[in-house]
Amino acid sequence: MLSLIFVLGMAVTYTLLGAFASLSGKLFGQIQTNPWTYFLVGNLCILMGLSMLGLFSLHVRTPDFVTRVPLKKRIPGMTGALLVGAASGLIVGPCTAPALAVVLGYAATRQNVAFAASLMFVFAIGMGTLLILLGAFAGLLAGMPRSGRWMVRVSQLFGWILIGTGEYFLINAGMLWI
């Protein structure tokens with residue numbers, strides 16, 4: 009139940025993003041089709057792909073203000089799961105940036121708030137389906153394969169996919185500048 013509430017919190021964040029994109033309409037579309045946006049996203053994808061290939065390592069620390077919260081002040085239960093889900097919707101956003109940008113761009117072009125909000129809600133529920141299943145069947149996690157060489161190969165595969173995606177964005181940026 010907590011995993012479902014967590015995903016609903018994420019869905020609330022994405023629904024609000026969809027409504028904002030729809031209300032901003034043409035402004036969001038102009039930002040999305042700007043060659044500088046393609047250039048920045050392309051370079052970011054290439055950097056992340058190189059990191060996944062092992063060229064360099066990114067170490068992200070949890071912010072101090074998060075780790076300093078005393079256990080007594082943390083909100084337990086469903087309310088806590090909803091709030092953490094809503095906050096993680098903003099954190100997970102960059103991880104799904106290419107797909108998120110396409111869906112938000114489509115939602116913005118329609119300029120229909122109800123459509124955009126429902127589209128983003130369904131997108132978030134789809135993203136969270138695996139989390140809901142893992143929460144419901146947590147005992148199956150023990151049977152998952154251990155990390156090893158196969159995980160390195162998968163990381164390298166996705167690194168190359170990210171580099172290819174970055175090249176796609178850079179080519180599109182060049183085409184818009186011509």
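Be aware that the sequence shown starts at 9, since it is given in the working numbering, and climbs by one per residue. Ideal placement from N, C-alpha and C gives every residue a C-beta, glycine not left out.
C-beta contact flag for residue i and residue j at 7 Å
i: P84; j: A181; result: no
i: A89; j: L141; result: no
i: G134; j: V15; result: no
i: Y22; j: A132; result: yes
i: L139; j: G50; result: no
i: L61; j: Q164; result: yes
i: L98; j: G26; result: no
i: G174; j: I54; result: yes
i: L66; j: S59; result: yes
Inter-residue CB distance, residue i and residue j (contact presumed, cutoff 8 Å)
i: F166; j: A19; result: Going by Cβ atoms, the distance from F166 to A19 rounds to 25 Å, so no, they are not a contact pair.
i: A116; j: A29; result: 4 Å
i: V111; j: G17; result: Not really, about 19 Å apart at Cβ, beyond 8 Å.
i: V121; j: L184; result: Between L184 and V121 the Cβ distance is about 29 Å, and since that is not below 8 Å, they are no contact.
i: W168; j: G57; result: 7 Å
i: A124; j: R118; result: 6 Å
### Message
Threshold first: 4 residues or longer. Then list the alpha helix (DSSP H) segments lying entirely within the stretch 89-160, N to C.
### Response
105-118, 121-144
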